[in-house]
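**Q** Count along the sequence shown starting at 1, add 7, and that's the number in our numbering.
The beta carbon of each residue, even a glycine, is placed where N, CA and C say it ideally should be.
Quick caveat: nothing in here was measured; it's all calculated off a predicted structure.
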Amino acid sequence: MQKRYLPFYLVLGCIPAGALLFSIAPLWGSILLVVGLIGGGLGLQDITQNKKALRKNYPLIARMRMLLESIRPEIRQYFLETDHEEVPFSREQRALVYRRAKNIEGLRPLGTLKNLQETGYEWINHSFISAEIDSEQFRVTIGGSQPNTEAYSSSILNISGMSYGALSPTAIESLNKGAEIGGFAHTTGEGSVSRYHTKHNGDLIWQIGSGYFGCRDDQGRFCPEKFADQAALEQIKMIEIKLSQGAKPGHGGILPASKITEAIAEARGIPMGEDCNSPSSHSAFSTPLELVQFIQQLRELSNGKPVGFKLCIGHPWEFFSIAKAMHETGFLPDFITIDGAEGGTGAAPVEFADHMGAPLREGLMLVHNTLVGLDLRSKIKLIATGKIVSAFDMARVFALGADSCNMARGFMFALGCIQAQACHTGNCPTGVATQDPSRFQSLVVDDKFQRVARFQRNTLLALKELMEASGLNHPAELTAHHLMMRMNSRDVRSAYSQYDWLEPGELLGDVSDEHPAFAKFWPMATVDTFQPTNVKHSGVDIETAKILHYQRSA
8 MQKRYLPFYL VLGCIPAGAL LFSIAPLWGS ILLVVGLIGG GLGLQDITQN
58 KKALRKNYPL IARMRMLLES IRPEIRQYFL ETDHEEVPFS REQRALVYRR
108 AKNIEGLRPL GTLKNLQETG YEWINHSFIS AEIDSEQFRV TIGGSQPNTE
158 AYSSSILNIS GMSYGALSPT AIESLNKGAE IGGFAHTTGE GSVSRYHTKH
208 NGDLIWQIGS GYFGCRDDQG RFCPEKFADQ AALEQIKMIE IKLSQGAKPG
258 HGGILPASKI TEAIAEARGI PMGEDCNSPS SHSAFSTPLE LVQFIQQLRE
308 LSNGKPVGFK LCIGHPWEFF SIAKAMHETG FLPDFITIDG AEGGTGAAPV
358 EFADHMGAPL REGLMLVHNT LVGLDLRSKI KLIATGKIVS AFDMARVFAL
408 GADSCNMARG FMFALGCIQA QACHTGNCPT GVATQDPSRF QSLVVDDKFQ
458 RVARFQRNTL LALKELMEAS GLNHPAELTA HHLMMRMNSR DVRSAYSQYD
508 WLEPGELLGD VSDEHPAFAK FWPMATVDTF QPTNVKHSGV DIETAKILHY
558 QRSA
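#1: Return helix, strand or coil for Asp-346, following the three-state DSSP convention.
#2: Using only alpha-carbon positions, find the residue among Ala-391, Pro-278, Ala-254 that is nearest to Asp-316.
#3: Rounding to the nearest angstrom, what Cα-Cα distance links Gly-20 and Leu-182 in this structure?
#4: Quick check on this structure: which residue in Gln-252, Phe-525, Arg-79, His-133 has the alpha carbon closest to the alpha carbon of Gly-350?
#5: Looking only at its chain, what residues have a beta carbon closer than 6 Å to the beta carbon of Pro-286, apart from the 5 residues adjacent to it on each side?
#6: For Leu-61, collect the residues of the same chain with a Cβ closer than 6 Å to its Cβ; drop the 5 residues on either side in sequence, then sort them by chain order.
#7: Taking contact to mean at least 3 C-beta pairs separated by less than 8 Å, is the stretch 302-321 in contact with the stretch 152-162?
#8: Check for me: the beta strand (DSSP E) holding Arg-384 runs from which residue to which?
#9: Return helix, strand or coil for Ser-181, following the three-state DSSP convention.
#10: How many angstroms separate the CA atom of Gly-43 from the CA atom of Arg-72?
#11: If you compare alpha carbons, which of Leu-515, His-322, Asp-410 is closest to Phe-342?
#12: So, helix, strand or coil for Ser-217, using DSSP?
#13: Which same chain residues end up closer than 6 Å to Pro-14 when comparing Cβ atoms and leaving out the 5 residues on each side of it in sequence?
#14: At what residues does the alpha helix (DSSP H) containing Ser-328 begin and finish?
#15: Can you tell me the Cα-Cα spacing of Asn-541 and Met-531, whole angstroms?
#16: Give me the Cβ distance between Ala-406 and Leu-490, rounded to the nearest whole Å; I'm assuming they're in contact under 8 Å.
#17: Taking C-beta to C-beta, are Thr-398 and Leu-473 nearer than 8 Å?
#18: Taking its Cβ as the centre, do 16 or more other Cβ atoms sit within 10 Å of Leu-120, making it buried, or is it exposed?
#19: Would Phe-420 pass as a contact of Arg-101 if the rule is Cβ separation under 8 Å?
#20: Is Ala-427 helix, strand or coil when you go by DSSP?
#21: Return the chain-ordered list of same chain residues with a C-beta closer than 6 Å to the C-beta of Thr-336, the five sequence neighbours on each side being excluded.
#22: Could you work out which residue in Leu-389, Gln-428, Lys-233, Arg-403 is closest to Ala-355 when comparing CA atoms only?
#23: Between Gly-47 and Val-94, how many whole angstroms is the CB-CB distance? I'm expecting something under 8 Å.
#24: Using DSSP bridges, identify the partner residues of Lys-244.
#25: Beta-carbon separation of Ile-188 and Ala-476 under 8 Å?
#26: Determine the DSSP secondary structure at Ser-265, reduced to helix, strand or coil.
#27: Starting from Cys-435, trace the beta strand (DSSP E) both ways and give me its first and last residue.
#28: Can you grab the Cα-Cα spacing for the pair Tyr-203 / Ile-267, in whole Å?
#29: At which residues does the alpha helix (DSSP H) containing Ile-302 begin and terminate?
#30: So the beta strand (DSSP E) Glu-143 belongs to, where does it begin and stop?
See below:
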């Protein structure tokens with residue numbers, strides 16, 4: 008007898024043992040019979056199936072392993088992970104959001120839990136002369152700098168793009184009602200404006216992706232007439248073209264027909280019963296010049312509402328080509344949203360989530376310096392997003408050049424998300440990311456919208472206190488000199504010393520070799536294509552390389 012089958016044989020032995028015991032102790036006999044019959048049946052199924060070798064070789068025991076693996080994330084989260092393990096958000100980060108959303112005081116006794124000598128530790132220098140700030144409701148004006156355009160007074164902390172369909176109806180309602188009473192904006196996500204976005208009156212940033220949901224024709228192409236009709240909605244304050252997102256830059260998606268409800272079809276302008284495709288790139292433009300012309304077209308069709316775009320930085324020359332097109336035509340976006348590869352509200356292939364796209368810090372620095380170098384920085388606001396959850400996270404990106412921040416997962420936590428990481432399954436345990444009525448009805452709008460508003464307000468209050476301690480009157484006064492970074496156990500430097508900083512107008516002439524990334528990639532960018540030009544690869548230029556590739560393929 009092979010030892011690995013011993014548990015199976017023991018379970019089978021429960022059948023005759025239960026039969027013998029039944030006459031003496033019916034209850035225990037019945038229990039043994041049930042265990043033997045059910046366990047024996049499962050064991051026989053394991054032995055006779057051919058898909059999983061482990062179950063065939065270890066009947067019943069292999070099922071225990073599968074059970075333990077299935078609950079491993081929960082066991083780890085509840086019992087094993089430390090307060091600082093970011094998987095993807097640490098217990099400390101989540102608890103901070105929960106406390107602020109519930110208006111619970113967040114004081115910590117006996118000092119920090121962080122290792123202040125650890126490489127990478129960051130802090131902001133304080134001042135002996137603190138400031139006094141009247142209100143934590145910091146605002147920034149977006150748009151209005153060009154003729155016949157509107158300006159929008161935006162909070163510096165808004166809700167990042169999360170579509171209806173990815174989030175439940177009650178989650179969308181709670182976010183928008185929270186934005187309404189809190190005086191901040193709610194980005195729709197590329198799923199467009201749904202009936203749940205307009206049930207309350209919170210300010211909206213309408214996000215338009217490659218599927219052109221809410222403004223598409225029957226072939227899925229951009230429709231100017233439908234866009235103009237939707238953009239006329241008073242609740243829509245700004246329009247954001249989504250070029251890419253940090254969670255899966257350069258990756259499209261398909262919403263299966265089985266997941267398309269009547270409300271989703273209505274919001275997106277798509278038929279029921281058909282798969283809905285979001286291409287990986289836009290069809291309304293294919294060159295940098297066409298992109299900035301598209302921005303100008305949307306601005307005119309919306310009667311001057313602020314228009315910008317969102318991207319995760321990839322090839323530097325691609326953004327440089329957009330910047331050159333902006334400078335050449337004068338068609339400027341009112342804002343640019345930089346999403347870091349840390350972003351994660353969209354379920355993505357592992358390789359995309361882990362290794363595709365530039366992190367927020369590097370992306371923000373590239374965009375900020377490019378606009379400074381073209382003398383355009385004062386005309387375009389920068390919005391940073393990607394794993395921002397605390398007031399210090401906000402202060403850090405302000406120090407590196409951002410004008411405002413968007414948060415996504417922070418607001419999901421405020422709604423009650425427990426980081427079960429089941430968003431893509433439709434089985435969200437808290438009703439935040441599901442279309443199952445039996446689940447999302449437990450998320451009560453009248454309670455959750457208050458948590459959304461409180462989290463935003465209390466985070467800004469914490470930022471206000473940081474600014475006062477630093478002797479500053481507004482986050483816009485933060486610079487890279489304020490942000491300190493530990494390089495090793497003995498070396499501490501400011502963030503200013505760790506990055507290249509361009510002078511205003513420096514890209515309008517010859518690019519200095521003091522800025523290696525710009526010296527290398529700036530000449531590759533042209534307004535006519537996103538492809539690099541004047542590139543050499545091992546002594547062979549791009550066009551020759553393409554010809555050689557085609558010849559080898561043939």
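**A** With the structure as the only source:
#1: Position 339 of the sequence shown, counted from the start, is the residue given in the question as residue 346. Of the three classes helix, strand and coil, the one that applies to Asp-346 here is strand, per DSSP.
#2: For the purposes of this step, residue 316 is taken as residue 309 along the sequence shown, with counting starting at 1. According to the sequence provided, residue 316 is Phe. The question's Asp does not apply to it. Per the Cα distances, Ala-391.
#3: Looking up residue 20 in the sequence shown gives position 13. Looking up residue 182 in the sequence shown gives position 175. For Gly-20 and Leu-182, the distance between alpha carbons rounds to 58 Å.
#4: Within the sequence shown, numbered from 1, the residue matching residue 350 stands at position 343. Each of Gln-252, Phe-525, Arg-79, His-133 was checked against the Cα of Gly-350, and the nearest Cα belongs to Gln-252.
#5: Within the sequence shown, numbered from 1, the residue matching residue 286 stands at position 279. Excluding sequence neighbours, Pro-286 sits near Ser-217, Gly-259.
#6: As a working note, residue 61 is residue 54 in the sequence shown. Correct list, in chain order: Ala-69.
#7: Because the criterion of three Cβ pairs below 8 Å is met, the stretch 302-321 and the stretch 152-162 touch.
#8: Position 377 of the sequence shown holds residue 384. Note, Arg-384: premise wrong, no beta strand (DSSP E); not H, not E.
#9: Along the sequence shown, one-based indexing puts residue 181 at 174. In the structure shown, Ser-181 sits in a helix (DSSP, three-state: H, G or I).
#10: Reading the sequence shown from its first residue, position 36 is the one you call residue 43. Reading the sequence shown from its first residue, position 65 is the one you call residue 72. A direct Cα-to-Cα measurement between Gly-43 and Arg-72 gives close to 20 Å.
#11: In the sequence shown, the residue the question calls residue 342 occupies position 335. Of the listed residues, the one whose Cα sits closest to Phe-342 is Asp-410.
#12: Within the sequence shown, numbered from 1, the residue matching residue 217 stands at position 210. DSSP places Ser-217 in coil when its eight states are reduced to three.
#13: Translated into positions along the sequence shown, residue 14 becomes position 7. The beta carbon of Pro-14 sits closer than 6 Å to those of Leu-67, Ile-68, all from its chain and outside the five residues before and after it, given in chain order.
#14: Locating residue 328 in the sequence shown gives position 321, counting from the first residue. Bounds of the alpha helix (DSSP H) holding Ser-328 are 323-336.
#15: For the purposes of this step, residue 541 is identified with residue 534 of the sequence shown, where counting begins at 1. For the purposes of this step, residue 531 is identified with residue 524 of the sequence shown, where counting begins at 1. A straight line joining the alpha-carbon of Asn-541 with that of Met-531 spans about 6 Å.
#16: Here residue 406 refers to the residue found at position 399 of the sequence shown. Here residue 490 refers to the residue found at position 483 of the sequence shown. Between Leu-490 and Ala-406 the Cβ distance is about 4 Å, and since that is below 8 Å, they are a contact.
#17: By one-based count along the sequence shown, residue 398 stands at place 391. By one-based count along the sequence shown, residue 473 stands at place 466. At residue 398 the sequence reads Ala, which differs from the Thr that was named. Yes, Cβ-Cβ distance for Ala-398 and Leu-473 is below 8 Å.
#18: The residue you call residue 120 lines up with position 113 of the sequence shown. Note on Leu-120: under 16 other CB atoms within 10 angstroms of its CB, so exposed under the neighbour-count rule.
#19: The residue you call residue 420 lines up with position 413 of the sequence shown. The residue you call residue 101 lines up with position 94 of the sequence shown. In contact: Phe-420 and Arg-101 (Cβ atoms closer than 8 Å).
#20: Taking the first residue of the sequence shown as position 1, residue 427 is located at position 420. Of the three classes helix, strand and coil, the one that applies to Ala-427 here is coil, per DSSP.
#21: By 1-based counting over the sequence shown, the position of residue 336 is 329. Within the same chain, and ignoring the five residues on either side of Thr-336 in sequence, the residues whose Cβ sits closer than 6 Å to its Cβ are Val-299.
#22: As a position in the sequence shown, residue 355 is number 348, starting the count at 1. It is Gln-428 whose Cα lies nearest to the Cα of Ala-355.
#23: Stepping through the sequence shown from its first residue, residue 47 is reached at position 40. Stepping through the sequence shown from its first residue, residue 94 is reached at position 87. Incorrect: roughly 40 Å between the Cβ atoms, too far for contact.
#24: The sequence position of residue 244 within the sequence shown is 237, counting from 1. Residue pairing by DSSP places Lys-244 opposite no residue, since no beta bridge is assigned to it.
#25: If you number the sequence shown from 1, residue 188 lands on position 181. If you number the sequence shown from 1, residue 476 lands on position 469. It is not a contact, given that the beta carbons lie outside the stated cut-off.
#26: On the sequence shown, position 258 is the one that residue 265 refers to. In this structure, DSSP gives Ser-265 a helical state, which the three-state scheme calls helix.
#27: Looking up residue 435 in the sequence shown gives position 428. Unbroken run through Cys-435: none, as it is neither H nor E.
#28: For the purposes of this step, residue 203 is identified with residue 196 of the sequence shown, where counting begins at 1. For the purposes of this step, residue 267 is identified with residue 260 of the sequence shown, where counting begins at 1. Going from the Cα of Tyr-203 to the Cα of Ile-267 covers about 16 Å.
#29: Here residue 302 corresponds to residue number 295 of the sequence shown, with the count starting at 1. Here the alpha helix (DSSP H) through Ile-302 covers 295-308.
#30: Taking the sequence shown and counting its residues from 1, the one referred to as residue 143 is at position 136. That residue, Glu-143, is in no beta strand (DSSP E); it is neither H nor E in DSSP.
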